[in-house]
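Chemist:
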Amino acid sequence: MPILGTVASQFSGKSFSSFESIATVTVTSATSTISFTSIPATYTHLQIRFIGRSSYNTTGQDNLVINFNSNTGSNYAEHYVAGNGTGTDSGAQSSITSIPLRECLIRDGNTSSMFSAGIIDILDYASTNKNKTVRALFGNDRNGAGYVALGSGLFFATPAAITTIAFTVESSRNFVQYSQFALYGIKGA
Amino acid sequence: MASTYEKIASTTLTSTVASVTFSSISGAYTDLVVVMNPISSSATDSYPWLQFNGDTGSNYSRTMIAGTGSAAESDRSTNSTQGYFIYGNRVFTDASFNAILHINNYSNTTTYKTFLARTGAASNRVESTVGLWRSTSAITSILFDLDTNSFVSGSTFTLYGIKAA
């Protein structure tokens with residue numbers, strides 16, 4: 001039994017003015033793409049926090065796919081390290097057409113209330129003189145199966161600022177209802 | 001644009017306690033983040049875990065990956081009565097254990113709750129964990145405890161809320 005309790009509601013919120021909500025997408029019916037467009041360049045970094053689930057009606061999990069600025073050329077690269085509960089895995093791809101977050105999204109053949117979760121950081125997204133790097137922590141647990149991973153991605157098409165982000169599910173599958181992606185901006189000094 | 005990352009509550013222990021609880025968490029945010037730097041009364045078997053809403057049923061599971069310094073490993077647990085956010089990592093007496101937990105969409109009443117954790121202890125290992133609480137209830141309290149031993153003075157626990165637009 002707890003012998004020390006902190007009543008959270010009794011604390012007035014101390015806010016961090018450098019972390020702001022930009023936009024949120026909550027899926028109300030199956031949709032193929034979750035996009036954030038017209039992202040202002042007024043922040044230093046971006047963070048996306050999400051829960052999600054693929055419409056593919058079988059067990060297992062699907063990749064979450066990321067593209068920037070509608071660019072589908074071979075301008076991306078990725079590395080990851082992951083664990084599935086019984087073993088570890090690591091891999092990489094270069095000159096690919098998107099950044100995949102591998103095995104990220106629970107498929108719809110799993111227990112209906114289970115959703116994946118993740119946090120994606122996009123560093124110096126508004127820079128116009130260097131490539132854009134991404135890091136992510138994501139996973140899903142299904143009480144007997146699961147996948148957790150750390151990923152890193154690179155977008156090297158041009159040094160243009162990132163103004164749009166599109167999330168899709170591998171093989172053109174859909175996000176199901178209650179998937180939610182929230183975009184935040186983090187200011188520098 | 002409104003700030004959305006707020007400290008909800010923070011505790012720095014001034015005495016030894018068996019557990020720490022954040023209670024009466026409002027549903028005003030989208031995600032919760034907990035940052036902790038706890039210290040154990042003993043380094044032996046001080047495996048940390050959590051429980052939501054006082055639920056002691058077999059409703060927790062987790063999948064993790066770790067780097068031990070010489071190898072990578074992965075493990076899972078199922079139908080646990082505690083939400084372990086570690087595997088081999090432990091809370092030590094030297095404050096070297098640290099953890100950050102993300103509980104996304106904690107207040108919805110539709111989905112089970114999935115949480116992510118990163119833990120480290122320089123003398124031991126680094127781990128990442130995804131955990132599941134099989135409940136659709138909104139999370140209103142979080143208890144942190146150890147398998148054995150206690151949290152001692154100087155341990156810190158801070159709860160943040162992140163609010164989406």
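In the order they appear, the protein sequences are chains A and B. Using our numbering, you'd call the opening residue of the first sequence number 1 and step up by one each time. Using our numbering, you'd call the opening residue of the second sequence number 1 and step up by one each time. Backbone N, C-alpha and C fix where the C-beta goes; we use that ideal spot for every residue, glycine too.
Flag leucine 4(A) as yes if its beta-carbon sits less than 8 Å from any beta-carbon of chain B, otherwise no.
Modeler: Note on leucine 4(A): pLDDT 46, under 50, position unreliable in the model; the coordinate value appears next. Taking Cβ atoms only, chain B reaches closer than 8 Å to leucine 4(A), which makes this a yes.
Chemist: Going by beta-carbon coordinates alone, are threonine 133(A) and proline 159(A) separated by less than 8 Å?
Modeler: no
Chemist: Please report how far the alpha carbon of isoleucine 99(A) lies from the alpha carbon of serine 23(B), in whole angstroms.
Modeler: 39 Å
Chemist: Let me check understanding here. Comparing Cα to Cα, which of Ser55(A), Thr42(A), Ile48(A) and Tyr184(A) lies closest to serine 112(A)?
Modeler: Ser55(A)
Chemist: I'd like the span of the beta strand (DSSP E) that includes alanine 72(B), first residue to last.
Modeler: 72-80
Chemist: Is there a Cβ from chain B that is less than 8 Å from the Cβ of aspartate 141(A)?
Modeler: yes
Chemist: Tell me whether serine 12(A) is buried or exposed, calling it buried when 16 or more other Cβ atoms sit within 10 Å of its Cβ.
Modeler: Confidence at serine 12(A) is low in this model, with a pLDDT of 45, below 50, so the placement of that residue should be treated as unreliable; the coordinate-derived value is given next. With fewer than 16 other Cβ atoms within 10 Å, it is exposed.
Chemist: Output the distance between the C-alpha atoms of alanine 66(B) and glycine 146(A), rounded to the nearest integer angstrom.
Modeler: Approximately 15 Å, taken between the alpha carbons.
Chemist: In the DSSP assignment, what residue or residues form a beta bridge with phenylalanine 167(A)?
Modeler: Bridge partners of phenylalanine 167(A): Ile34(A) and Ile66(A).
Chemist: Could you run through the segment 18-51 of chain B and flag, in chain order, every residue whose CB is less than 8 Å away from some CB of chain A?
Modeler: Those residues of the segment 18-51 of chain B placed with their C-beta closer than 8 Å to a C-beta in chain A are Ala18, Ser19, Val20, Thr21, Phe22, Ser23, Ser24, Ile25, Ser26, Thr30 and Asp31, ordered along the chain.
Chemist: With a threshold of 16 other CB atoms inside 10 Å of the CB of aspartate 55(B), please say whether the residue is buried or exposed.
Modeler: So aspartate 55(B) ends up on the buried side.
Chemist: Using only CA atoms, which one of Ile106(A), Asp141(A), Ser29(A) and Gln47(A) lies nearest to asparagine 79(B)?
Modeler: Of the candidates Ile106(A), Asp141(A), Ser29(A) and Gln47(A), the one whose C-alpha sits nearest the C-alpha of asparagine 79(B) is Asp141(A).
Chemist: Does the Cβ of glycine 118(A) have 16 or more other Cβ atoms within 10 Å, making it buried, or fewer, making it exposed?
Modeler: buried
Chemist: Between the C-alpha atoms of serine 21(A) and serine 38(A), what's the straight-line distance to the nearest angstrom?
Modeler: 14 Å
Chemist: Measure how close the beta-carbons of phenylalanine 19(A) and isoleucine 165(A) come, nearest whole angstrom, since I'm counting them as under 8 Å.
Modeler: Wrong, their Cβ atoms sit about 18 Å apart, outside the cutoff.
Chemist: What residues of chain A sit near glycine 131(B), judged by a beta carbon separation below 7 Å?
Modeler: Simply Asp141.
Chemist: Check the Cβ of isoleucine 51(A) against every Cβ in chain B and list those closer than 8 Å, keeping chain order.
Modeler: Simply Asn104, Asn105, Thr111 and Thr114.
Chemist: Do you know whose CA, among Met64(B), Thr119(B) and Asp31(B), lies nearest alanine 164(B)'s CA?
Modeler: Asp31(B)
Chemist: For my contact list, serine 141(B) and leucine 13(B) are in at a C-beta cut-off of 8 Å; report their separation, rounded to the angstrom.
Modeler: No, serine 141(B) and leucine 13(B) are not in contact; Cβ-Cβ is about 18 Å, not under 8 Å.
Chemist: Isoleucine 39(B): which of His102(B), Ile162(B), Asn149(B) and Gly57(B) sits nearest, CA to CA?
Modeler: Minimum Cα distance to isoleucine 39(B) is reached at Asn149(B).
Chemist: Entirely within the segment 62-150 of chain B and at least 3 residues each: give me those beta strand (DSSP E) ranges in chain order.
Modeler: 72-80, 97-104, 113-121, 125-133 and 142-146
Chemist: Please classify glycine 73(A) as buried or exposed, where buried requires at least 16 other C-beta atoms within 10 Å of its C-beta.
Modeler: exposed
Chemist: Of all the residues that make up the segment 128-156 of chain A, which are near chain B by a beta-carbon distance shorter than 9 Å?
Modeler: Here the close residues are Leu137, Phe138, Gly139, Asn140, Asp141, Arg142, Asn143, Gly144, Ala145, Gly146, Tyr147, Val148, Ala149 and Leu150.
Chemist: Taking 8 Å as the threshold (beta carbon to beta carbon), is serine 9(A) in contact with chain B?
Modeler: Because the pLDDT at serine 9(A) is just 44, under 50, the model does not fix this residue reliably, and the point stays unresolved.
Chemist: Pick out the complete alpha helix (DSSP H) segments inside the segment 109-185 of chain A, 4 residues or longer, and give them in chain order.
Modeler: none
Chemist: Exposed or buried, which one is serine 172(A) when buried takes at least 16 other CB atoms within 10 Å?
Modeler: exposed
Chemist: Can you list, in chain order, the residues of its chain with a C-beta nearer than 7 Å to that of threonine 136(B)? Leave out the 5 residues immediately preceding and following it.
Modeler: Thr109, Thr110, Thr111 and Tyr112
Chemist: Please work out which residues of its chain come closer than 6 Å, Cβ to Cβ, to serine 9(A), disregarding the five sequence neighbours upstream and downstream, and give them in chain order.
Modeler: Note on serine 9(A): pLDDT 44, under 50, position unreliable in the model; the coordinate value appears next. Closer than 6 Å at Cβ, skipping near neighbours: no residue.
Chemist: For valine 35(B), collect the residues of the same chain with a Cβ closer than 6 Å to its Cβ; drop the 5 residues on either side in sequence, then sort them by chain order.
Modeler: Ile100 and Thr158
Chemist: Taking only three categories from DSSP, how would you classify tyrosine 43(A)?
Modeler: Under the three-state reduction of DSSP output, tyrosine 43(A) falls in the coil class, being neither helix nor strand.
Chemist: By Cβ distance, which residues of its chain are closer than 6 Å to asparagine 110(A), with the 5 residues on each side in sequence left out?
Modeler: Thr59 and Arg142
Chemist: Going along chain B, which residues have a C-beta under 7 Å from glycine 83(A)?
Modeler: Contact note: glycine 83(A) reaches chain B through Thr63, Met64, Ile65 and Ser74, using a C-beta cutoff of 7 Å and chain order.
Chemist: For a contact meaning CB atoms closer than 9 Å, what does asparagine 79(B) contact in chain A?
Modeler: Asn143 and Gly144
Chemist: Could you check whether the segment 84-92 of chain B touches the segment 88-105 of chain A, counting it as contact only if at least three pairs of C-beta atoms, one from each stretch, sit closer than 8 Å?
Modeler: no
Chemist: Give me the DSSP bridge partner(s) of tyrosine 160(B).
Modeler: Lys7(B) and Val33(B)
Chemist: Given a cut-off of 8 Å, decide if glutamine 177(A) and alanine 23(A) are closer than it, judged by their beta-carbon atoms.
Modeler: no
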